[in-house]
Amino acid sequence: MNDPNRPTAVEVHHPQPITVHPPATPVATVQPGHVPAVASVVLPDGRVVTGYAINPAQPEPVAAKPAVSRTAVNVALGGVGFLAVCGGLLLLTSFIAALTAFVTQLITLAAVCFGGWIAAMVFSAGGHGGGTTVNIRKAVIKRNKFYG
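Each residue of the sequence shown is one higher than the one before, counting from 1409 in the numbering used here.
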């Protein structure tokens, strides 16, 4: 069956090149007076490949971070607000202290005025229009008994 002199059928497969059609892209216009550089590369088997140099793709610029973080700004604003509240509290305590001093002066003025009026009435030189006279005698207390 396996005769070495007998020819066998051989299948030959020829590779087919895969052609990829890139999507249609707009052709970049060349500025007049500016011709792109042509690069030539010599392959190891001696062939020379010539073509236009392709600039490497530049990465997208990263969004720049702000110079000051949001947390620092929030802390600073909180401090400013706290100082504003403290200033208001200081003014409030000053107002309360001034009001207390004013009320104290009014009470003192009333005491002086009415005290003087009462003293004038008590120690006036005029006679009594009526009243009770109390005679105070020397009282003697012996053995918890009052002798008046």
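Just so you know, even glycine gets a beta-carbon here, dropped at the ideal spot from N, CA and C.
Please read all numbers here as calculations on a predicted model, not as lab measurements.
| Query | Result |
| --- | --- |
| What are the boundary residues of the alpha helix (DSSP H) that includes Gly1454? | Unbroken run through Gly1454: none, as it is neither H nor E. |
| Are the CB atoms of Val1450 and Tyr1460 nearer to each other than 9 Å? | no |
| Look at the alpha carbon of Lys1473 and the alpha carbon of Thr1479, and state the distance between them as a whole number of angstroms. | 13 Å |
| Using three-state DSSP, classify Ala1472 as helix, strand or coil. | coil |
| When the Cα atoms are used, what is the spatial distance from Phe1522 to Leu1485? | 55 Å |
| So if DSSP puts Ser1448 in a beta bridge, which residue, or which two residues, is it bridged to? | Thr1458 |
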